[in-house]
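**Q** In full-length UniProt numbering, the protein residues as written are 1 to 397.
The beta-carbon is built from N, C-alpha and C at its ideal position, and this holds for glycine as well.
(1) From what residue to what residue does the alpha helix (DSSP H) around residue 263 run?
(2) Are the beta-carbon atoms belonging to residue 340 and residue 78 less than 8 Å from one another?
(3) Assuming residue 244 is part of the alpha helix (DSSP H), what are its boundary residues?
(4) For residue 18, count neighbouring Cβ atoms within 10 angstroms of its own Cβ and tell me buried if that reaches 16, exposed if not.
(5) Quick check: what's the CA-CA separation for residue 387 versus residue 159?
(6) In three-state DSSP terms, what is residue 48?
(7) Tell me whether the segment 188-198 and the segment 163-179 touch, counting them as touching only if at least three CB pairs, one residue from each stretch, are closer than 8 Å.
(8) Excluding the 5 residues flanking residue 329 on each side, which residues of the same chain have their C-beta closer than 7 Å to its C-beta?
(9) From 200, 374, 157, pick the residue whose C-alpha is nearest to that of residue 262; which is it?
(10) Would the segment 145-162 and the segment 119-132 be scored as touching if the rule is three or more Cβ pairs under 8 Å?
(11) With DSSP run on the structure shown, which of helix, strand or coil describes residue 176?
(12) Taking the alpha-carbon of residue 259 as reference, which of 180, 334, 101, 47 has the nearest alpha-carbon?
(13) When you compare each of 126, 68, 145 to residue 91 by their alpha carbons, which one comes out closest?
(14) Out of 217, 95, 122, point me to the one whose CA is closest to residue 153's CA.
(15) I need the straight-line Cα distance from residue 87 to residue 338, nearest angstrom please.
(16) Buried or exposed for residue 203, going by 16 or more other Cβ atoms inside 10 Å?
(17) For residue 75, which three-state DSSP category applies?
(18) Output the boundary residues of the alpha helix (DSSP H) element that contains residue 131.
(19) In the DSSP assignment, what are the bridge partners of residue 165?
(20) If you pair each beta-carbon of the segment 288-301 with each one of the segment 309-328, do three or more pairs fall below 8 Å?
(21) DSSP on residue 124, reduced to helix/strand/coil?
(22) Tell me the residue span of the beta strand (DSSP E) that contains residue 205.
(23) Pull up the DSSP beta-bridge partners for residue 224, would you.
(24) Report the CB separation of residue 47 from residue 184 in whole angstroms; it is logged as a contact under 8 Å.
(25) Using the C-alpha atoms, what's the distance from residue 80 back to residue 382?
(26) For residue 376, which of 303, 249, 313, 56 has the nearest alpha-carbon?
(27) Count the CB pairs spanning the segment 205-219 and the segment 236-244 that are closer than 8 Å, and state whether there are at least three.
(28) Where does residue 185 sit, in a helix, a strand or coil, going by DSSP?
(29) Please report how far the alpha carbon of residue 63 lies from the alpha carbon of residue 57, in whole angstroms.
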């Protein structure tokens, strides 16, 4: 009797499986009949997309030099030399889909033109994830390259000083550059915004930079809160093991926000200083004013460097939507790119002396330092001012 039940059960299951198989066959047949009229998706558009992308890229960095400078913020020669350097040092790697030139070009659109990843993805016909991934790869590579580009290359007195006898030389013998701080917009979480909101109307990071007279950045410290005083940032830079190292007997020019100390020479306070105050027929009336005038003419180098940096990289015009660590790395990478570009000479983004002097604001900050001025360097400043004045008008009776 059990055998009979078992055979009936097997027969029942066989009929169910047969019925299920027939239904599946009918469903597949019905699907094929109804989808024959639909337009099938082919891969031809993807091939056309790759051809169009290659055409755009070739026009971008192999076309006219003016177009390359406008889009990539540097000439064709400088761009290809940069890509070759990153390739030779194995800082970036090519893939079967994305070349190093395309990786750098996408990065330059982000920092140079301040494009969003979505806009870059549309322009380069890439997914946004691909743009984001290669942006951070190029950013890390440039930060490594910054270690060799942002440094003191020479401690000799610059030709800008030595070729101006009676004006800068021999008074500023030993001066190797100028330093100052600038505020760059920063995007930070709400609980950190109070610390990053200083004298500007927006949250910012206070970036300290030292610049030589070729407008090259030789030291950069980014990441400090916008409310931090420049003197505290400088103190931090001087105290770090890998911070700002001023060679013995050399010094930087600074504005009145810093105190006179070894290696840092600010102007006299409560004395005319800014260049616009000396326009027209008004001449310096005492040794301190004469010193401040010539000091200002040299120190504007750092202001010109900041202006060139912000003019070339539009990402500094607004708050970037990156984590703070990434924003600090972007500052370092852009300063490295600035130095790399200047290796082949100035371009249209570099302010010359005449254009910069014409655009100087009448009122610039004048803050007092929290630290007492070094007596020896304050006396040195007094002696320099007295010597300048005597050479100009003759010794006093």
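**A** From the atom records:
(1) According to the DSSP assignment, residue 263 belongs to no alpha helix (DSSP H), since it is labelled neither H nor E.
(2) yes
(3) Per DSSP, residue 244 belongs to no alpha helix (DSSP H) and is neither H nor E.
(4) exposed
(5) 21 Å
(6) helix
(7) Judged by Cβ distances under 8 Å, the segment 188-198 makes no contact with the segment 163-179, as fewer than three pairs qualify.
(8) Once the five neighbours on either side are set aside, the close Cβ partners of residue 329 are 139, 143.
(9) 374
(10) no
(11) strand
(12) 180
(13) The candidate whose alpha carbon is nearest that of residue 91 is 145.
(14) 217
(15) 19 Å
(16) buried
(17) coil
(18) 128-149
(19) 169
(20) At 8 Å Cβ cutoff, the stretches do not touch.
(21) Helix.
(22) It spans 204-211 - the beta strand (DSSP E) in which residue 205 sits, taken as one unbroken run.
(23) Beta-bridge annotation (DSSP): residue 224 is paired with 206.
(24) Between residue 184 and residue 47 the Cβ distance is about 43 Å, and since that is not below 8 Å, they are no contact.
(25) 50 Å
(26) 249
(27) yes
(28) strand
(29) 9 Å
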